[in-house]
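*Asks:*
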Amino acid sequence: MSAKRPVDIALFGATGFTGSLIVAYLAYNYPTLNITLVGRDKTRLSALASRYHNANFDVCTIPSMDDQQAVPNIVARAKVVIS
């Protein structure tokens, strides 16, 4: 994820059941938005993002939701946060 890039939507838990449904919906209905998929497993996040070639997804891994630096940085740059 780019350090200063603005984010339209930050989606935490993107690889879960509900998160993956949201990813599919956003990819098909809002492909021009800058969306960051946030989670703990980079491999799973990258695999999910690669399914939707038309969408503009970034992948960001964090060790946990308790991360006192990463989470506030992501949230501060996003217009919308989905968790």
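Residue numbers (UniProt numbering): 1 to 83.
Even glycine gets a Cβ: it sits at the ideal position worked out from N, Cα and C.
Remember, it's a predicted structure, so these values are computed and weren't measured experimentally.
1. At which residues does the beta strand (DSSP E) containing A78 begin and terminate?
2. On the CB-based measure, 16 or more other CB atoms within 10 Å of its CB, does L26 come out buried or exposed?
3. Can we say the segment 3–13 touches the segment 71–81, given the rule of at least three CB pairs closer than 8 Å?
4. Take T36 and list the residues in its own chain whose beta-carbon comes closer than 8 Å to its own, dropping the five residues that flank it on each side.
5. Could you check if L48 is buried or exposed, using at least 16 other CB atoms within 10 Å of its CB as the buried criterion?
*Replies:* From the atom records:
1. Unbroken beta strand (DSSP E) run through A78: 78–82.
2. Counting the other CB atoms within 10 Å of its CB gives L26 a total of 16 or more, which places it among the buried residues.
3. Yes: the two stretches touch, three or more of their Cβ pairs being nearer than 8 Å.
4. Closer than 8 Å at Cβ, skipping near neighbours: M1, V7, I9, A10, L11, F57, D58, V59, C60, I74, A78.
5. Buried.
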